[in-house]
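Novice: Okay, here's the structure, questions in a sec.
There are 2 protein chains.
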Amino acid sequence: MDCQEIMKRITTHRGVKQLVIINKDGLPLKTFPESEELDESQVQSLHELAGAARRMVRDVDPTDDLMFLRVCSKTDEILLSPGKNSVHSHNCEGSLP
Amino acid sequence: MDCQEIMKRITTHRGVKQLVIINKDGLPLKTFPESEELDESQVQSLHELAGAARRMVRDVDPTDDLMFLRVCSKTDEILLSPGKNSVHSHNCEGSLP
Numbered sequence: 001m002d003c004q005e006i007m008k009r010i011t012t013h014r015g016v017k018q019l020v021i022i023n024k025d026g027l028p029l030k031t032f033p034e035s036e037e038l039d040e041s042q043v044q045s046l047h048e049l050a051g052a053a054r055r056m057v058r059d060v061d062p063t064d065d066l067m068f069l070r071v072c073s074k075t076d077e078i079l080l081s082p083g084k085n086s087v088h089s090h091n092c093e094g095s096l097p
Numbered sequence: 001m002d003c004q005e006i007m008k009r010i011t012t013h014r015g016v017k018q019l020v021i022i023n024k025d026g027l028p029l030k031t032f033p034e035s036e037e038l039d040e041s042q043v044q045s046l047h048e049l050a051g052a053a054r055r056m057v058r059d060v061d062p063t064d065d066l067m068f069l070r071v072c073s074k075t076d077e078i079l080l081s082p083g084k085n086s087v088h089s090h091n092c093e094g095s096l097p
């Protein structure tokens, strides 16, 4: 499955507002909606949060690794899925099921 | 429901390995199992991660707030629930349902 297909699969889920794929240096590679301007400080915050979570997991067990991060706020949910060279994050409406 | 009852309710869930309640300065107030020695750097990492997630949520929308944080690793899951003056975190076996 290529990147476009994966992005389509995620962004057609009900409630998905935004999707961003960030490289290992914290720079956005792909975004949805494409037209929307990205807030660079928010992308940087996402990148730093994923890094902090990964360090925490590895502190507990150096053989373990971060697989998924879910941040729930009052109105939204941010899901982060780290890859080898990138992090993809999507922001959905609603709270935990 | 008092703190002991809430702790009991959480720690009797299947797969719960550890529970820690941290105050707003990052110091552990209560732990389960009580006998187990806490790694202070891990508690500090949890505290910092919750702070970073809260900042990120408020950056996006200053009227919003962090409600829940879920960190999934290959083998474990760390759940963080921030309160006004404390954060409680529990570590469970297994991955996302």
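One line per chain: the protein sequences are G and Z, in this order.
When the letters of the first sequence are read in order and numbered with UniProt numbering, they come out as residues 1 to 97.
When the letters of the second sequence are read in order and numbered with UniProt numbering, they come out as residues 1 to 97.
We treat Cβ as the ideally placed atom computed from N, Cα and C, and that holds for glycine.
In this text the structure is predicted, and so the values were computed from the model without any measurement.
Hey, quick one: how far does the beta strand (DSSP E) through E36 of chain G stretch, first residue to last?
Specialist: For the purposes of this step, residue 36 of chain G is identified with residue 36 of the first sequence, where counting begins at 1. Per DSSP, E36 of chain G belongs to no beta strand (DSSP E) and is neither H nor E.
Novice: Show which residues of chain G have a CB atom less than 8 Å away from the CB atom of E48 of chain Z.
Specialist: Within the second sequence, the letter at position 48 stands for residue 48 of chain Z. The answer, in chain order, is A52.
Novice: With a 10 Å radius around its C-beta and 16 neighbouring C-beta atoms as the bar for buried, classify L29 of chain Z as buried or exposed.
Specialist: In the second sequence, the residue the question calls residue 29 of chain Z occupies position 29. It counts as exposed.
Novice: For a contact meaning CB atoms closer than 7 Å, what does S73 of chain G contact in chain Z?
Specialist: Start at 1 with the first residue of the first sequence, and residue 73 of chain G comes out as number 73. The answer, in chain order, is V57, D64, D65, L66 and M67.
Novice: Taking CB distances under 8 Å as the criterion, tell me whether S41 of chain Z reaches chain G.
Specialist: On the second sequence, residue 41 of chain Z is found 41 positions in, with the first residue counted as 1. Yes, its Cβ sits closer than 8 Å to a Cβ of chain G.
Novice: For a cutoff of 8 Å on Cβ pairs, would you count R9 of chain G as touching chain Z?
Specialist: Along the first sequence, one-based indexing puts residue 9 of chain G at 9. Answer no: the Cβ-Cβ gap between R9 of chain G and chain Z never drops below 8 Å.
Novice: What does the alpha-carbon distance come out to for the pair C92 of chain Z and E36 of chain G?
Specialist: Here the question's residue 92 of chain Z lines up with position 92 in the second sequence. Here the question's residue 36 of chain G lines up with position 36 in the first sequence. Taking the straight line from one Cα to the other gives about 38 Å.
Novice: Between which two residues does the beta strand (DSSP E) carrying K30 of chain Z extend?
Specialist: The count along the second sequence starts at 1 and reaches residue 30 of chain Z at position 30. Counting along the chain, the beta strand (DSSP E) containing K30 of chain Z begins and ends at P28 to F32.
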